[in-house]
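Visitor:
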Amino acid sequence: MSDLKQELKEKIITQLNLEDIAIEEIADNDPLFGDGLGLDSIDALELIVMLDKDYGIKLTDPKEGKKIFESIEVMAKYIAEHRTK
Amino acid sequence: MNATHLKIKEYCRISNNRVLWNDKLLMEEPGSDFSTFIKLAYKKMETNYPKFFKMDDLSKLGFLAADILLKPMIRDSEISKNIALVFSNSASSLQTDRKHQESIVDRENYFPSPAVFVYTLPNICLGEISIKHRLYSENSFFIFNHFNAAYLHDYATGLIKAEKADEVLCGWINCDVEDYEAFLYLVSTEGSIAHNKEEIIKLYTSR
């Protein structure tokens with residue numbers, strides 16, 4: 003699980019172009035949206051694509067993302083339980 | 063408003079890995095690729111806007127050039143400025159269009175990126191500038207074969223004469239695989255350069 007969390011932090015920084023943020027600055031329970039990393043709605047869509055492309059998880063309802071993308075901790079748990087690749 | 067009283071208040075050029083403001087060289091980074099150069103320019107110009115890194119190359123170019131001209135004006139005023147944006151280019155958003163096309167060409171590996179797709183229109187660049195500088199003004203992005211000083215002159219003059227804008231940030235922002243170029247100038251009632259086609263061409267061609 004800790005490997006997956008590390009992997010997610012790396013992917014989020016790279017794929018969402020978070021130029022000024024280092025991996026060690028993202029705590030497992032930091033909120034990804036709002037006051038946390040400050041991600042926006044386009045970032046949420048990008049994360050949905052990442053789930054599909056990298057982990058074979060298709061979210062049919064984008065609203066599901068609100069819970070899944072709460073933090074790295076929640077996201078990693080969801081991926082570990084639902085991944086098909 | 064008498065059109066002959068309009069002036070070019072200031073201008074900015076970003077091309078050939080150089081940033082110029084009113085012909086003053088602000089920075090030069092020969093030999094760098096665009097990605098490295100624009101990142102260095104962002105830091106050197108103290109742009110301080112993390113969303114910059116999410117933009118496509120065209121928006122980065124336009125945003126940075128506009129920021130150099132607008133930042134001092136906006137910083138000095140709490141009142142939102144009525145500055146219209148009138149940009150133009152020849153490549154539209156082609157570089158990003160190609161990137162998006164590459165992501166959808168293979169039906170077996172079909173993962174278009176929303177973050178790329180949102181930049182498949184050149185006028186998104188104007189939105190980025192308007193958000194940063196809190197502009198609620200007129201904006202237009204025209205596609206021409208070449209830099210069209212006469213059209214930009216007439217359009218900017220029309221906007222100010224019709225009181226649609228107090229000032230107009232005009233110019234050319236072009237970005238394609240081989241080259242990039244930004245040339246922006248601010249049309250105002252203040253300034254020392256006459257706002258006419260000849261002067262616009264002179265500024266554009268003096269590199």
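Line by line, the protein sequences are chains A and B.
First residue of the first sequence? That's 3 in this note's numbering, and the numbers climb one at a time after it.
First residue of the second sequence? That's 63 in this note's numbering, and the numbers climb one at a time after it.
C-beta: ideal position from N, C-alpha, C; glycine also.
For B:Cys-237, list the residues DSSP reports as bridge partners.
Guide: B:Cys-237 is bridged to B:Tyr-242.
Visitor: What is the DSSP secondary structure of B:Ser-150, counted as helix, strand or coil?
Guide: B:Ser-150 falls in the strand class under three-state DSSP.
Visitor: For B:Ala-256, does the three-state DSSP call read helix, strand or coil?
Guide: Strand, per DSSP.
Visitor: Residues of chain A with a CB under 9 Å from the CB of B:Ser-94: which are they?
Guide: Result: empty, since nearest Cβ-Cβ is about 17 Å, beyond 9 Å.
Visitor: Of the choices B:Ala-153, B:Ser-152, B:Ser-175 and B:Ser-150, whose alpha-carbon is the least far from that of B:His-162?
Guide: Residue B:Ser-175 is the option with its Cα nearest to B:His-162.
Visitor: Do you know offhand how far B:Lys-259's Cα is from B:Gly-253's?
Guide: C-alpha separation (whole angstroms): 16 Å.
Visitor: Compile a chain-ordered list of the residues in the segment 97–115 of chain B whose CB is closer than 7 Å to at least one CB of chain A.
Guide: Residues passing the 7 Å Cβ filter: Pro-112 and Phe-115.
Visitor: Starting from the C-beta of A:Glu-75, find all residues in its chain whose C-beta is less than 6 Å away, skip the five residues before and the five after it, and write them out in chain order.
Guide: For A:Glu-75, where only same-chain residues beyond five positions count, the Cβ hits under 6 Å are Asp-30 and Asn-31.
Visitor: Run the CB neighbour count on B:Ala-212, radius 10 Å, all protein chains shown included, and call it buried at 16 or more, exposed below.
Guide: Exposed, by the Cβ-count rule.
Visitor: Please list, in chain order, the residues of the segment 164–194 of chain B that have any C-beta partner in chain A closer than 7 Å.
Guide: Flagged, chain order: Phe-173, Ser-175, Pro-176, Ala-177 and Val-180.
Visitor: B:Phe-203 bridges to which residues according to DSSP?
Guide: Paired residue(s): B:Phe-149.
Visitor: Here's the rule: buried if 16 or more other CB atoms are within 10 angstroms of the residue's CB, otherwise exposed. What is B:Leu-188?
Guide: Classification of B:Leu-188: buried, given that the 10 Å Cβ count is 16 or more.
Visitor: Name, in chain order, the residues that DSSP records as bridge partners for B:Cys-232.
Guide: Looking at the DSSP assignment, B:Cys-232 forms a beta bridge with B:Val-148 and B:Tyr-247.
Visitor: Excluding the 5 residues preceding and the 5 following B:Ala-177 in the sequence, name in chain order all residues of the same chain whose CB lies nearer than 7 Å to its CB.
Guide: These residues qualify, in order along the chain: Lys-116.
Visitor: Put B:Val-81 into one of helix, strand or coil per three-state DSSP.
Guide: Reduced to three states, the DSSP call for B:Val-81 is strand.
Visitor: May I have the straight-line CA-CA distance separating B:Leu-246 from A:Glu-83, to the nearest angstrom?
Guide: If I take the Cα positions, the gap works out to 52 Å.
Visitor: With 16 other CB atoms within 10 Å as the buried threshold, where does B:His-195 fall?
Guide: Under this definition B:His-195 is a buried residue.
Visitor: For A:Asp-54, go through chain B and note every residue whose CB falls closer than 9 Å to its CB, in chain order.
Guide: In chain order: Phe-173.
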